[in-house]
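Residue numbering for the sequence shown follows our numbering, beginning at 870 and increasing consecutively.
C-beta: ideal position from N, C-alpha, C; glycine also.
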Amino acid sequence: MRANLSELFKLQTVDQELQSIEETKGDLPQQVERLKKEIDDLKLDCENTKAELLETKKQLALNEGDLNSFQDKLKLLKEKLYAVTSNKEYDAITTEIDSMQEKISESEDNTLEMIEKEETLNTAVEELEPKIVLLEEGLIQKNEELNKKITVTEKEYEEFKKQRNEISANIKRPVLYQYERIRKGLGNTAVANISSYACGGCFTTIPAQKAVEVRTMSELILCESCGRILVYVNGEEVVPN
Ligand SMILES: [Zn+2]
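Okay, here's the thing in structure tokens:
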């Protein structure tokens, strides 16, 4: 266990280096992610609007066809009206003409409504497209910035990653698992060095007997106050018993 704990302390040092490299990127990775999402959302919006526009154009064409056929029918009916021979026939055709005129008026209303819709959708697409282009340009810029930062720290980062793998290999899985879990929970350090009977993480005093046990590093002991793994390390090296 002693070796495990001392390796764990080393691992933490490496993890802190890795974290500070990550931090040099600032919130650029999040900015890039946000931009990507915004672009995806707008693209979807634009596609849907275009699909609706296409559908409206189709409907408009159909409506126009209907309107033409109604107008043709009206024309025929009016011609028929000149040739009627009885009042009954006259009334019947007049009724038909009325109903056809109603259909035409309805169809014209529909057409007008659809033309307005088409215009609205067209405007929406015209507004969305340049917005997307602008955001995409912004994304390229942010990506470049981020890549520059990554390039600068890449070598160092890879070196620490290598060290991390090597150190991790020396630590037993359950200990490593506990370390990762605590680290995730606390968001920073999972291992605390004790000094003068106090936890180096939260500075809570540790009972003398427990401090003695921590110093032997023969088992995994957690700080009762902050939950960090307690170790006794002097500088780089573990202090010998
Ligand atoms: Zn503590």
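In this structure the stretch 901–921 touches the stretch 1001–1010; the number of beta carbon pairs closer than 8 Å is three or more. D896 counts as exposed, since fewer than 16 other C-beta atoms from the protein chains shown sit within 10 angstroms of its C-beta. For T1073, the Cβ falls inside the 6 Å cut-off from some heavy atom of ligand 1.
Closest option to E995, judged by alpha-carbon separation, among K912, T1020, T1074 and S1087: K912.
The beta carbon of L1055 sits closer than 6 Å to no other beta carbon from its chain once the five residues preceding and following it are set aside.
Here L990 has T918, E921, L922 and T925 as same chain residues with Cβ atoms under 7 Å from its own Cβ, once five neighbours each way along the sequence are excluded. Judged by DSSP secondary structure, S968 falls within the alpha helix (DSSP H) whose first and last residues are N956 to A1038.
Below 8 Å, enough C-beta pairs join the stretch 880–889 and the stretch 1057–1068 to call them touching: three or more.
In this structure, the C-beta of R1097 approaches ligand 1 to less than 6 Å from one of its heavy atoms.
Using a 10 angstroms sphere on the CB of S955, the tally of other CB atoms stays under 16, which defines it as exposed. Secondary structure at N1057: coil, using DSSP grouped into helix, strand and coil. The three-state secondary structure of L1099, taken from DSSP, is strand. The C-alpha of E902 is placed about 42 Å away from the C-alpha of N1103.
Between the C-alpha atoms of Q970 and L904 there is a straight-line separation of about 54 Å. Here R1033 has V883 as same chain residues with Cβ atoms under 6 Å from its own Cβ, once five neighbours each way along the sequence are excluded. Residue side-chain check: G1070 places its Cβ nearer than 6 Å to a non-hydrogen atom of ligand 1. If you compare the alpha carbons of C1092, G1070 and I1051 with that of A1080, the shortest gap goes to C1092. In the DSSP assignment, Y951 falls within the alpha helix (DSSP H) that extends over L897 to Y951. With 16 or more other Cβ atoms from the protein chains shown falling within 10 Å of its own Cβ, L1099 counts as buried.
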